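Colleague: Residue numbers for the sequence shown follow this note's numbering, so the first one is 30 and each next one is one higher.
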Amino acid sequence: MKTKKYIIQALVAAALYVLISIILEGEYSNEILMREITEGLVFGVLYGIFIVVRDKYMGRKKE
């Protein structure tokens with residue numbers, strides 16, 4: 030269950046990153062779209078790693 034939660038959060042973060050960066054870029058050529066999608070995937074992976082580490086080591090006391 031927790032794994033599914035982490036994956037969904039990372040995918041939503043990546044999608045929002047791509048959407049916002051494309052809107053701010055203002056140009057929609059194929060190479061720009063591919064660059065932004067690649068950056069979004071990297072961001073999503075890094076964010077996923079961050080939330081796993083944060084939950085496992087730094088926070089969320091078990092009750």
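Backbone N, C-alpha and C fix where the C-beta goes; we use that ideal spot for every residue, glycine too. Just so it is clear, the structure is predicted and the values come from calculations on it, not from any experiment.
1. Confirm, please, whether the CB-CB distance from G77 to Y35 is below 8 Å.
2. What does the alpha-carbon distance come out to for the pair Y57 and I51?
3. Below 8 Å on the Cβ atoms is my contact criterion, and I expect A43 with F72 to pass it. Report the Cβ-Cβ distance as a whole number of Å.
4. Hey, could you find the ends of the alpha helix (DSSP H) E65 is sitting in?
5. Can you tell me whether DSSP reads E92 as helix, strand or coil?
Modeller: Taking the coordinates as given:
1. yes
2. 7 Å
3. 6 Å
4. N59 to V82
5. The predicted model places E92 with a pLDDT of 49, which falls under 50 and marks its position as unreliable; any figure quoted below should be read in that light. Three-state result, E92: coil.
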